[in-house]
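**Student:** Chains A and V are the protein sequences, given in the same order.
Read in order, the letters of the first sequence correspond to residues 367 to 1272 in my numbering.
Read in order, the letters of the second sequence correspond to residues 10 to 178 in my numbering.
All residues carry an ideal CB built from backbone N, CA and C; glycine is no exception.
This structure is a prediction, so every number in the text was calculated from the model and none was measured.
One structure coming up, written as structure tokens, with questions to follow.
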Amino acid sequence: MAIIYIDGKPLETQDGQNLLEACIELGLNVPYFCWHPALGSVGACRQCAVKQYRDENDKQGRLVMSCMTLVTDGMRISVDESESKDFRANIIDWMMTNHPHDCPVCDEGGECHLQDMTLMTGHNYRTYRFKKKTYVNQNLGPFINHEMNRCIQCYRCVRYYKDYAGGHDLDAFASHNHVYFGRHEDGVLESEFSGNLVEVCPTGVFTDKTLKEHFTRRWDYTTAPSVCVHCALGCNITPGERYGKLRRIRNRYNRSVNGYFLCDRGRYGYEFVNSDKRPKAPLKRQMIDGKPVHVPMTRDEALSEIGKFFSNGSKAIGIGSPRASLEANFALRALVGAENFYLGLSKADGKLLSAVLEIVLSGPARQPSLGELKDHDAVLILGEDMTNVAPIAALNIRQSVNNQPRANAKAMGIPEWNDLPVRRAMDTDRGPLFIASVAPTRLDDVATQTFHATPDGIASLGFAIANFIDPQSPAANVSGEVRALAQQIATALQSAQKPLVVSGPSCRSEAVIQAAANIAWALCRKAKPAGIYFAAPESNSVGLGLFGGANIENAAEALRKGGADTLVVLENDLYRRVPAALVDELLSLAKHVLVVDHQYSATAQKAEYVLPGATFAEGDGTLVNNIGRAQRMMQVFNPEGEITESWRWLRRLRAASGKGREDEWISFDSFLHALVAEIPAFSHILDAAPTAAFRVGGLKIPRQSHRYSGRTAMKANVAVSETGVTADPDSPMSFSMEGFSMMTPAALMSSFWTPGWNSAQSITRFQEEVNGPLEGGDPGVRLIEPQPDSAVPYFDAVETNESHDAAWTALPLYHIYGSEELSASSPAVAELSPKPYAMLHSDDARARGLLDGDAVTVKIDGQEISTSLKTNDTMARGVVCLPAGLEDAPYIEFPAAAEILRSVTS
Amino acid sequence: MASGQQRKEREQAAIDAVLAEHKGAHRDSLIPILQHMQERVGYLSVAAVRSIAHHLHLPASKVYGVATFYNQFRFMPKGKYHVQVCRGTACHVKGSLATLDAVRQELGVEPGETSKNGAYSIEVVACMGACGLAPLVCVNGTFYADMTPKKVRALLEEQRERQAAHEAR
């Protein structure tokens, strides 16, 4: 605690802060450009100058850069003093000499930090009379638009891109007044986190290219707090809608989850919501000219016709989904009965998911939150490619390698926020990060050691490490070289303050997951606060796992036995989960097939009935992320046609069938209470967000800003008098500008705005402290807590079988762009999806006389896949890697025995 | 005349020859390598930047970032007539800014660039050690003293005529 005097007033600040942070926390308007809460201070822009005085008698004072000045007790400064004010106005004047002043045509206009700071400093008139410098822009790929003329040379972009996100292909070029930020030549930005440049850039140099297709000004969006559905991490997002179209995704700060950043899949994968192919009315299959065609029907027709299939005495089977909300899955379970509810997972997927859940529910190791990954100082990744499976987790693990060298810098007396000296003190030192994987990963560049092996080899390494830490943990039979590596890793983990073990299902191996658990548990028994972190495949995988239930293969068995007439598939494309033959059988065994989904998937196309479900942007729901954090997504806008949340369709069917009452579960809250009453494991989800009855000052919270324009005009083609606002009985938010938008709880924050702060930088006004939680606490609740006194036994080590027989083991490689079903249908993401390939170790390929680029045929389970060969010098031997989940690629159950043949070209 | 392909191959061979002389070099040799490359190849081509990056295990953007920081590196081959305009103190006092503007206007090329037909390039230099002759312009090693905008225009006009006569022959 330090008391500082700002313009004569004594104010409390925290020790060790810089003056800019202190002023921001105190709510003062000190302008800045180069400082960013995640990036620290470099003192480059000179915008945050304030006057500092020696003591109360000093009337002269001197100008200091507040971002570079350490707060000390009794310090006297002035923000309002005229010389510092003039200085700041001058700085803006200079920065703007080459700025094109093209705000009306600039995408950043209205949420531009440069606009905000210009107004704040009071620089109103341009004094520079000469020609402006202009630059040639670059094509940076499908995500980012480049407009260098607007640049004010704050260097934030390269500091974020290179220093924070570890990118290599964006840099500063030239010097003096020619400084240029871009690539060395045109081309797609390589980083998976490039989209954050849009929010990091204080002006319009880097803007959202997908937004250009349907541009909307900041104040014209309808927004609501939501959660990203493109992986299991549950990053908080703010989707923006206008004219019934989802226009863009912006980051929503949550310190415990994604912090300031999103990955490009999360930011640009949204366009599946706007797809023309989506079902918009209930569909029924009819034969027209001998061909099956889906014909729209009304809601009442659909309910009375389909409702009959669920009436008492008839049996239906329901298949849930890891990409549907808890509510949707529960509604299905309630409709068909718990005994007829099957998780929408294959047997193999289900087994891996329950292996993870068993470990985290019974073991002593705690799962850190996504945000806490940054705090660990030694990390072991066992068999997971985090960048492609759980991107923001990879970004945070990349920060964790700085912790040990940063501690050294701190010991040298350098404040943590002073970025350049800290980086100089760190030099090229990195904390321990060990990565064991089948093929190289994008984090390898910061790894202390990498180890590429088969899943069995990775598991054995894991068991050997656990055995080194705690000899009671079962030993594995490994070679001397692997043993030495295991010892090195064990030592590094044991000597760390906060070690972390990361794993996941991507190796398709239970043994890898169990080896990770053994290591974390061994560390816990040695009194180390070890964390364990598992990636999960989909947005609600863990939530679905907590329901418990059988898998798709079991559903097929039940259908084969007979007795069930109807099959309900909820938000799930079964063709992506089990072999096509099994899906075909499932669909033919049931007399009636009903699909409730927002996508017209391959499964939906074969269904007798399709009910149009809502996407994340069109409905309320709860998702449980990979560590068991339940988070609420609020409906952003009212969808067209009969589209509504899946749970609501299933509730209606339940009522129509006579199983439930017509007035039962009408509101979201009553439905949520029914869910919690039935499944106590979910009791805390009620705390994820306030109920629909919540009000601030008796008013709802608006989804639209107070500057929202054209609300009468935009519907003038329907009626010239203003149409009424749609009521929202499900949440405390309104679909209009009306309401009270201050003192909003964090879980209901639809956008961050405060007078004078229109840009993404406004977030600091809503944090308890810089980089701290949102005022009132970060939204979301943890459903899974560790059992610190648990004495669960260690898992037995696997016997490794390293013999190379004739068959190859086929394993999946996941791709951030292309492997996930929903984002893959967004054009910008689809553009960067990889072409199908098969990847082998170069030596393995050479031994078969194959070269990189050769056309090959991979035979798996009688399927022949023609593709082109890629070789790699370091990946595991005896393994062939295939990209997972690409569109139009046949389903393969990994791991699989494969044969590789050279394609015969005619 | 050599085709574009042949020229490219010759250039790549020269690049490889330079890098061969810096076997096992580390990132701290970047600037000497850039200088050596420019001396031997005449300029830093995209291919040269990529090859140096590969040689030193650095991102190409890093190499390009360092090279563009310094005025001494050029990214276009020199023209047939390389015009150096001195902007040193003595020349500045005697009005070399006007001379430089005249050269830029006359040739339609900016300093550091080369005209599209490859005939002319301009370089701004700090001092050529002949301050007594200020303002000084140097074309392919020949010094021209006391250059006013008018004189430099005449000089370049003459140069152009000579070139045209040469082509006609």
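#1: I want to see whether chain C comes within less than 9 Å of A/Tyr546, judged by CB atoms only; does it?
#2: Would you kindly work out how many angstroms separate the C-alpha atoms of A/Ala760 and A/Lys1201, rounded to a whole number?
#3: Spell out whether any CB of chain A is found under 9 Å from the CB atom of V/Pro158.
#4: Taking the DSSP output, what are the residues bridged to A/Lys611?
#5: Check the Cβ-Cβ distances between A/Phe496 and every residue of chain V, and say whether any is below 9 Å.
#6: Quick one: which chain A residues come within Cβ less than 7 Å of V/Gly74?
#7: Report the residue from A/Leu910, A/Arg516 and A/Ala1113 whose alpha carbon sits nearest the alpha carbon of A/Arg998.
#8: Look at V/Tyr129 and V/Val161 and say whether their C-beta atoms are less than 9 Å apart.
#9: Around the Cβ of A/Gly1146, are there at least 16 other Cβ atoms within 10 angstroms (buried) or fewer (exposed)?
#10: Would V/Tyr79 pass as an interface residue toward chain A - the criterion being a Cβ-Cβ separation below 9 Å?
#11: Any C-beta of chain V within less than 7 Å: which residues of the region 541-570 of chain A qualify?
#12: So, for A/Arg608: in the same chain, excluding its five sequence neighbours on each side, which residues have a beta-carbon less than 7 Å away from its beta-carbon?
#13: If you reduce the DSSP assignment to three classes, tell me which class V/Val27 lands in.
#14: Just the Cα atoms here: how many angstroms apart are V/Ala26 and A/Ala540?
#15: Pick out whichever of V/Thr77, V/Phe84, V/Lys89 and V/Ser70 has its Cα sitting closest to the Cα of V/His175.
#16: Quick check: is the beta carbon of V/Ser105 nearer than 9 Å to any beta carbon in chain A?
#17: Report yes if the CB atom of A/Ile443 is closer than 9 Å to the CB atom of A/Met483, and no otherwise.
#18: List the endpoints of the continuous alpha helix (DSSP H) containing A/Trp401.
#19: What did DSSP end up calling A/Cys389 once you bin it into helix, strand or coil?
#20: Mind checking whether A/Gln383 and A/Val437 have CB atoms under 9 Å apart?
#21: Let me see if you follow: with CB-CB separation under 9 Å, is A/His534 close to chain V or not?
#22: Check this for me: beta carbons of A/Leu948 and A/Leu960, under 9 Å apart or not?
#23: In the structure shown, what three-state DSSP assignment does A/Ile780 receive?
#24: Mind listing the chain A neighbours of V/Lys71? Cutoff is C-beta to C-beta under 8 Å, in chain order.
#25: Which residue from A/Pro376, A/Glu671, A/Ala1059 and A/Val564 puts its Cα closest to that of A/Ile1023?
#26: Does any residue of chain A have a CB that is nearer than 9 Å to the CB of V/Pro86?
#27: So which residues on chain A does V/Val58 lean against when the C-beta distance must stay under 8 Å?
#28: How about A/Thr604 and A/Pro591: are their beta carbons less than 9 Å apart?
#29: Specify the secondary structure class of A/Lys498 as computed by DSSP and reduced to three states.
#30: Less than 9 Å between the C-beta atoms of A/Asp986 and A/Glu1011, yes or no?
#31: Report the three-state DSSP secondary structure of A/Ala590 (helix, strand or coil).
#32: Could you pull the start and end residues of the alpha helix (DSSP H) that A/Tyr975 belongs to?
#33: Indicate whether the contact test is met: 3 or more Cβ pairs, each with one atom in the region 713-731 of chain A and one in the region 903-919 of chain A, closer than 8 Å.
#34: Within a Cβ cutoff of 6 Å, which residues of the same chain sit near A/Met1241, ignoring the five residues on either side of it in sequence?
#35: Take every Cβ of the region 919-938 of chain A, pair it with every Cβ of the region 689-702 of chain A, and state whether three or more of those distances are shorter than 8 Å.
#36: Here's the rule I'm using: 16 or more other beta-carbon atoms within 10 Å means buried, otherwise exposed. How should A/Trp887 be labelled?
**Tutor:** Taking the coordinates as given:
#1: In the structure shown, chain C cannot be found, because the protein chains are A and V.
#2: 24 Å
#3: no
#4: A/Arg608
#5: no
#6: Asp537, Ala538 and Phe539
#7: A/Ala1113
#8: no
#9: buried
#10: yes
#11: Ser541, Arg549, His550 and Glu551
#12: Thr582, Asp586, Tyr587 and Thr588
#13: helix
#14: 27 Å
#15: V/Lys89
#16: no
#17: no
#18: Premise fails: A/Trp401 is in no alpha helix (DSSP H) and is neither H nor E.
#19: helix
#20: yes
#21: yes
#22: no
#23: coil
#24: His534 and Asp537
#25: Checking the displayed sequence, the identity of residue 1023 of chain A turns out to be Ser instead of Ile. With distances taken between Cα atoms, A/Ser1023 lies closest to A/Glu671.
#26: no
#27: His550
#28: yes
#29: coil
#30: yes
#31: coil
#32: First-last for A/Tyr975: Tyr975 to Pro978, but that is the beta strand (DSSP E), not the alpha helix (DSSP H).
#33: yes
#34: Ala805, His818 and His1207
#35: yes
#36: buried
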